[in-house]
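*Asks:*
There are 2 protein chains.
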Amino acid sequence: MLLGDQTPQYNPYLSRRGNSMRIHQGILQEGYNQYHANKHDEKSNPHGIINLGTSENKLCFDLLQKRLTRPDMLNIEPAFLQYPDWKGHSFLREEVAKFLSDYCCSPKPLKPENVVVMNGCGSLFSALAATLCDPEDAILIPSPFYGVITEDVDLYSSVKLHHVPLYSQPRGSDVRPFQLTVDKLENSLKEAKTEGLNVKALILLNPHNPLGEVYSSEEMTGFLQFAKMHQLHVIVDEIYMLSVFGEKHTFRSVLSLDGLPDPQRTHVMWGVSKDFAMAGMRVGTIYSENKDLVQALDQLGCFHGVPGPTQYQMAQLLRDRDWLNSEFLPENKRRLKEAHEYLTEELKKLDIPFPHRGAGFFIWADLSKFLKEKTFAEELCVWRCFLKHRLLLSCGQAFSCASPGWFRIIFTDQQHKLQLGVQRMKTALEELQGSLVPEDQRTTAVELKTSAGRATRTDTKTTDECKETTLKSSSAQTKLENTRIKTEPLSLADENFAILNGQSNMHSESLDTLIGALQKQIHSSDWLEKHRPELAAGVDPTQLEVFTDLLEKARK
Amino acid sequence: MLLGDQTPQYNPYLSRRGNSMRIHQGILQEGYNQYHANKHDEKSNPHGIINLGTSENKLCFDLLQKRLTRPDMLNIEPAFLQYPDWKGHSFLREEVAKFLSDYCCSPKPLKPENVVVMNGCGSLFSALAATLCDPEDAILIPSPFYGVITEDVDLYSSVKLHHVPLYSQPRGSDVRPFQLTVDKLENSLKEAKTEGLNVKALILLNPHNPLGEVYSSEEMTGFLQFAKMHQLHVIVDEIYMLSVFGEKHTFRSVLSLDGLPDPQRTHVMWGVSKDFAMAGMRVGTIYSENKDLVQALDQLGCFHGVPGPTQYQMAQLLRDRDWLNSEFLPENKRRLKEAHEYLTEELKKLDIPFPHRGAGFFIWADLSKFLKEKTFAEELCVWRCFLKHRLLLSCGQAFSCASPGWFRIIFTDQQHKLQLGVQRMKTALEELQGSLVPEDQRTTAVELKTSAGRATRTDTKTTDECKETTLKSSSAQTKLENTRIKTEPLSLADENFAILNGQSNMHSESLDTLIGALQKQIHSSDWLEKHRPELAAGVDPTQLEVFTDLLEKARK
């Protein structure tokens, strides 16, 4: 993994494509990798990263565990262990069609033969990009948007996204921030054509990630009409359709419309990752009346197959309407609402603005006031400051947001984690606020923190320093960063830390590298024992505590 | 699906790439799709297709079902339902490393961090092609070989295979048919370079599919040395490593060698599809010491993820050495051997030559004497004749075999299916033998069959006719076929069939199209009831019986 400030080198063994895949890591992946290397756990790793950056619903594990361990789930039939129909076993496609007919309120029963099941919506985006577009073709997508889609359509399929920028400040006839309108779609399409792009499709997210917006059927119809007029395919991602908990908005699936404007070019995506809180189950579905598309997807299905037993289990869940309607869905909604309320209250206390929405697992929050200047380089510094405080969030630029300073904060984690996350966020924001004080009035972060009653030595790094302690993400970002580093010297607090630490090279290593080194050493030598006293002399108790924890962990 | 003799049309909604994926179907896929549309089942569909074409082990379902439904398999932990490490959960990578260390007899313990788990070896081939090669680069592969690899490396990754042809007749210093030698590798590499190809890697299958060959460690070392000298990556596919049952050969994994010639360029593949008889479980693994490759594969892992609960179950299986060593593996080997013996005896009775081997699920048989002339067009006719008799086999050209007339016959199906398959094979071969009689001595197939005591009206189509009743596969094959059709008029038997049938267009429809039409009609009208009397008049009892079966099936 790319950790510390090592710059990844071109590897002569891999192809140019392989190197580019390996070296290119977006911000979301960087955070995700760091989190995976150092997950918070109340008991075994209390100083690990709290992840309010990855959109997962962790509120309903108890309900799912109970259901997924009922005896009906333990069924193995010969067909489950044999090569399947790559579009999905017919029993599952039938259940998906019934499920979508009911929960999307389609006017007519949906047909199983229009359903394709793959191992997740990322796979579906990849396969759709390959079958609807040729390499270097483009797809329109309003931004901000769930950033991983960029890689989903590009890595294998070499399709590029063309952004339709939405802005935090309403413009023209807009009545709300980040409002999507047909005019904006028209303008972006024109622009793309001027740039010589061959635009083949439009991606719409509804409910929207990260905006939390739910589009009315009138709005959606307008977007679909626009696409029809320009002969664009539309991929409508409705993966959060059952995660709408706000009272104001009612979600309407495009499958509920009385006739789609262009059914041969409209493809509706859903999956169990979000609405059934099972991102790890790897099941996504597409519904399309375009039979040739279904057939083309079939050809790619062998790369995106779902295990037979998993297909069976998912069919069992979808057909268990008692459990869905009486247990899971209402309780899930209640918990979503409760967690959402908690986070919104906390954000209000912190005087952080956010659009009030009631869908998805996240709040789209405006942290621009914590930026020294309104640039994406500064936004990245704020993001790194959170990560330094062992809190993973997603910053707007990872979602190609046009306005800097916005962050997506996930609220669907267990209460104690969410609380700890909010706590760490506060600490980070206080530090950031401190660094906003003009240069001549600045004191060290240590003093600021002590006065706030929360000082620990590991908290003394400033946002400037964090630029160095985590890896460079994409080359564009690296460029931005280097510019900042040139103009801003390291602060006194940073030097203090390095001196107090007693190991001059340690401040440039991330916690993850440390764990890696520890685990290696602990198994082969007495390195840690030897270094312990050296470490104990002159460091504060918290740091020692972290070290002791790591020692325990590494010994396991 | 492409059935009947409809030629697929270019669909203006899809991209060129999407159309090319949709329209291009290899012979293996064609057969696979036909089988999936009409699977044999003793009770519900006795006239369905017997599949001795797809390499699956169906001999051990009882053992697997028992093991996979033990209570330990029903465990759900939070991490299983969350986004995983895309290289595989660490608990599974650890088990895979231990498992491979033991069963490949590696001199040192293999390392979990060198393991990548994906949903099947097809996915691994795709991801390896993308990371080791740039588009249009080439990979050397000795032919014949498991034909699906062609699509695996091409569909997403646009990498081409360059064949190293092996021949049925030993040449030069060869001591056995289809012998792979370093000389042949050298010659093919030279040839590829002359053609301007950028060859990046070599794929080696050991045990070999379809040859059933097990290479000695001396031979393998020679191949690896060749690759090292030319700086080629080697993907060593050892997916049949535990399915070696012959007494003559002992399998040696390259992971057992004392040091690989070029460890940074050697990548060893395994999976549960074959050795654990679970093709439907979608789990494949790669072992590579090249850390940058592992990292690049990680980036593509999101398209090839395995569900958390499946990863857990596979780890449970791999660590259950009692079950593996005392139950599954010895019993599996016993059954493999028994089924192999049955088929070899039958082939001997039929005087069909085949190399004696003891690995894999198949016999590589020489049916060239049933070809009217030694061409691949004739081979395809023989393949279609089998399919007409509702027996799916794989013909040599689907594996890019350089000599026409070879077929891969799977023996790892349940006894009654294997027997029925052999029965249908005999019938088909008798028909083929009949058509080998010179034109002036020919009688209709009906008479031949009646004299053989096995005649049914549905068996009267000749090999010539079968060209029309199944779809065209790749364009190259279509060309071959058209040539044949031009030179050979339809036989009398064909015309007879069409007249007797009473529905002039029906003879050009396959059984699958029929089922499709039936199912559609039966649910919406009284079409079948109306057509039944018309059909009954003038057709033989067998055909009516098939129709009655279909009627029952369609009503369900």
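As given, the protein sequences belong to chains A and B, one line each in that order. Taking full-length UniProt numbering, the leading residue of the first sequence gets 1, the next gets one more, and so forth. Taking full-length UniProt numbering, the leading residue of the second sequence gets 1, the next gets one more, and so forth. Note that the Cβ used here is the ideal one computed from N, Cα and C, for glycine as well. Bear in mind that the values here come from a model prediction, so they are computed numbers and not experimental data.
Can you give me the C-alpha to C-alpha distance between A:H416 and A:T344, rounded to a whole angstrom?
*Replies:* Their backbone Cα atoms lie some 16 Å apart in a straight line.
*Asks:* Is the separation between the beta-carbon of A:A365 and that of A:F376 shorter than 9 Å?
*Replies:* Going by C-beta atoms, A:A365 is not nearer than 9 Å to A:F376.
*Asks:* Between the alpha carbons of A:T194 and B:C133, how many angstroms are there, rounded?
*Replies:* The alpha-carbon atoms of A:T194 and B:C133 are separated by roughly 33 Å.
*Asks:* Look at the alpha carbon of A:D41 and the alpha carbon of B:P78, and state the distance between them as a whole number of angstroms.
*Replies:* Those two C-alpha atoms are separated by around 12 Å.
*Asks:* Determine, using beta-carbon pairs with one atom in the stretch 102-117 of chain B and one in the stretch 277-294 of chain A, whether at least three such pairs fall under 8 Å.
*Replies:* Short answer: they don't touch.
*Asks:* Going by alpha carbons, who is nearest to B:E338 out of B:N51, B:S243 and B:R70?
*Replies:* When only C-alpha atoms are compared, the closest one is B:S243.
*Asks:* Which bits of chain A does B:F61 rub up against, with CB to CB less than 7 Å?
*Replies:* Correct list: P78 and L81.
*Asks:* Expressed to the nearest angstrom, what Euclidean distance is found between the alpha-carbon atoms of A:L224 and A:L255?
*Replies:* Rounded to whole angstroms, A:L224 to A:L255 spans 12 Å at the Cα level.
*Asks:* Quick check on the burial criterion: 16 or more other C-beta atoms within 10 angstroms. Buried or exposed for A:G172?
*Replies:* Under this definition A:G172 is an exposed residue.
*Asks:* Any contact of the stretch 272-281 of chain A with the stretch 42-58 of chain A, i.e. 3+ C-beta pairs under 8 Å?
*Replies:* Yes, they touch.
*Asks:* What are the boundary residues of the alpha helix (DSSP H) that A:L343 is part of?
*Replies:* Unbroken alpha helix (DSSP H) run through A:L343: L329 to K349.
*Asks:* Can you give me the Cβ contacts of A:G222 inside the same chain, cut-off strictly under 6 Å, excluding the 5 residues immediately before and after it?
*Replies:* Result list for A:G222: V182, in chain order.
*Asks:* Applying a beta-carbon distance threshold of less than 9 Å, which residues of chain B neighbour A:E56?
*Replies:* Simply L81, Q82 and Y83.
*Asks:* Let's test the definition: count the other Cβ atoms within 10 Å of the Cβ of residue 602 of chain B and tell me whether it reaches 16, buried, or not, exposed.
*Replies:* Examination of residue 602 of chain B is not possible in this model, given that chain B is present from 1 through 556 alone.
*Asks:* Among residues of its own chain, excluding the 5 on either side of A:G147, which ones have a beta-carbon nearer than 6 Å to its beta-carbon?
*Replies:* Taken in chain order, the residues that qualify are L28, A398 and F399.
*Asks:* Taking the alpha-carbon positions, what's the A:Y32 to A:S326 distance?
*Replies:* Using only the alpha carbons, I get a separation of about 34 Å.
*Asks:* Between the Cα of A:H36 and the Cα atoms of B:T69, B:L74 and B:W86, which residue gives the shortest distance?
*Replies:* Nearest option by C-alpha distance: B:W86.
*Asks:* Strictly below 7 Å CB to CB, what residues from chain A border B:N11?
*Replies:* Neighbours of B:N11 on chain A, chain order: D292.
*Asks:* Taking DSSP's pairing of strands, which residues face B:V164 in a bridge?
*Replies:* In DSSP, B:V164 forms a bridge with B:P142.
*Asks:* For B:A127, which residues of its own chain have a beta-carbon under 7 Å away from its beta-carbon, when the five flanking residues on both sides are left out?
*Replies:* Same-chain partners within the cutoff: M118, L297, L300 and H304.
*Asks:* For B:A279, decide whether its Cβ has a neighbour in chain A, counting only Cβ atoms nearer than 9 Å.
*Replies:* Yes, B:A279 counts as interfacial toward chain A.
*Asks:* What residues from chain A crowd round B:M21, counting only those whose CB sits closer than 8 Å?
*Replies:* Within 8 Å Cβ-Cβ: A130, T131, A296, Q299 and L300.
*Asks:* Please classify A:N33: does DSSP put it in a helix, a strand, or coil?
*Replies:* In the structure shown, A:N33 sits in a helix (DSSP, three-state: H, G or I).
*Asks:* Run through DSSP, which three-state label would B:A272 get?
*Replies:* Looking at the sequence provided, one finds Val at residue 272 of chain B rather than Ala. Note: B:V272 maps to helix in three-state DSSP.
*Asks:* List, in order along the chain, the chain B residues whose C-beta lies closer than 7 Å to that of A:S253?
*Replies:* Result: empty, since nearest Cβ-Cβ is about 22 Å, beyond 7 Å.
*Asks:* So, does the CB of A:Q264 fall closer than 9 Å to a CB anywhere in chain B?
*Replies:* Chain B, which has a Cβ nearer than 9 Å to the Cβ of A:Q264, makes this yes.
*Asks:* Restricting to Cα atoms, I'd like to know which of A:Q311, A:Q433 and A:C385 is closest to A:D351.
*Replies:* Among A:Q311, A:Q433 and A:C385, the Cα nearest to that of A:D351 is on A:Q433.
*Asks:* So, is the C-beta of A:D134 closer than 9 Å to a C-beta in chain B?
*Replies:* Answer yes: the Cβ-Cβ gap between A:D134 and chain B drops below 9 Å somewhere.
*Asks:* Pick helix, strand or coil for A:K39, following the three-state DSSP scheme.
*Replies:* A:K39: strand per DSSP, three-state reduction.
*Asks:* Taking only beta-carbon positions, decide if B:R16 is within less than 9 Å of chain A.
*Replies:* B:R16 counts as touching chain A.
*Asks:* Could you check which residue in B:M229, B:A315 and B:R16 has the C-alpha nearest to that of B:H89?
*Replies:* Closest by alpha carbon: B:A315.
*Asks:* Give a yes or no on whether the C-beta atoms belonging to A:A361 and A:F411 are separated by under 9 Å.
*Replies:* In the sequence under discussion, the amino acid at residue 361 of chain A is Phe, which differs from the Ala named in the question. Yes.
*Asks:* Exposed or buried, what is B:S143 when buried is set at 16 or more other beta-carbons lying within 10 Å of its beta-carbon?
*Replies:* Burial call: buried.
*Asks:* Identify which residue in A:N11, A:M73, A:I50 and A:Q25 has its Cα closest to the Cα of A:Q313.
*Replies:* Looking at the Cα atoms, A:M73 is the closest of the given residues.
*Asks:* Grab the span of the beta strand (DSSP E) containing B:W406 for me, first residue to last.
*Replies:* Unbroken beta strand (DSSP E) run through B:W406: W406 to I410.
*Asks:* Which of the three DSSP states is assigned to B:C302 in this structure?
*Replies:* Helix, per DSSP.
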